[in-house]
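Enquirer:
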Amino acid sequence: MDLDTITSISTPMGEGAIGIVRLSGVDAVDIADKLYKGKERLEDVTSHTINYGHIIDPESNEVVEEVMVSVLRAPKTFTREDIVEINCHGGILTINRILELTMT
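In full-length UniProt numbering, the protein residues as written are 1 to 104.
(1) Near Glu66, what residues of its chain come up, given a Cβ to Cβ distance below 7 Å and the 5 sequence neighbours on each side ignored?
(2) What beta strand (DSSP E) runs, 3 residues minimum, are completely inside the stretch 25 to 104?
(3) Got a sec? Which residues, its chain only, sit under 8 Å from Thr5 by beta carbon, not counting five neighbours each side?
(4) Return helix, strand or coil for Thr7, following the three-state DSSP convention.
(5) Around the C-beta of Gly16, are 16 or more other C-beta atoms found within 10 angstroms, so that it is buried, or is it exposed?
(6) When the cut-off is 8 Å and only beta carbons count, does Gly38 lie next to chain D?
(7) Applying the 10 Å Cβ sphere with the 16-neighbour rule, what's the burial state of Ser70?
(8) Hey, how far is the Cα of Asp82 from the Cα of Leu72?
(9) Roughly how many angstroms separate the alpha carbons of Tyr52 and Ile95, rounded to a whole number?
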């Protein structure tokens, strides 16, 4: 079984008002939690919930985007892996920036 965590853009680039960056795999929640600031840490939220907060650049502490983040925990997902979906404002720059942060 492959235990890699993948991250990708799940919506057409520049086509809509909302963009989604999806993380899937064993480290999905941990990766997203390092970028997310909200009422609770993502590791502490209930599965299959959506949570309001901000994506923060961990190096500069800069607020990158206002987001809604869904956390879906294994095994109750289509892939049977942990999934995090970061819903943000659409636009190529914002979505690419969030994607880059999930890969660092």
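We put the CB at the ideal spot given by N, CA and C, even for glycine.
Expert: Taking the definition as stated:
(1) If we look at Glu66 and ignore the five residues flanking it on each side, its Cβ neighbours are His54.
(2) Here the runs fully enclosed are 36 to 38, 49 to 56, 63 to 72, 83 to 89.
(3) Excluding positions up to five away in sequence, the list reads Leu23, Ser24, Gly25, Val26, Asp27, Ala28, Ile31.
(4) The DSSP-derived three-state label of Thr7 is strand.
(5) Per the 10 Å Cβ criterion, exposed.
(6) Checking the listed chains, one finds no chain D in this structure; it contains a single protein chain.
(7) Of the other Cβ atoms in all chains shown, 16 or more fall within 10 Å of the Cβ of Ser70; this residue is therefore buried.
(8) Taking the CA atoms as reference points, Asp82 sits about 6 Å from Leu72.
(9) Answer to the nearest angstrom: the Cα atoms are 17 Å apart.
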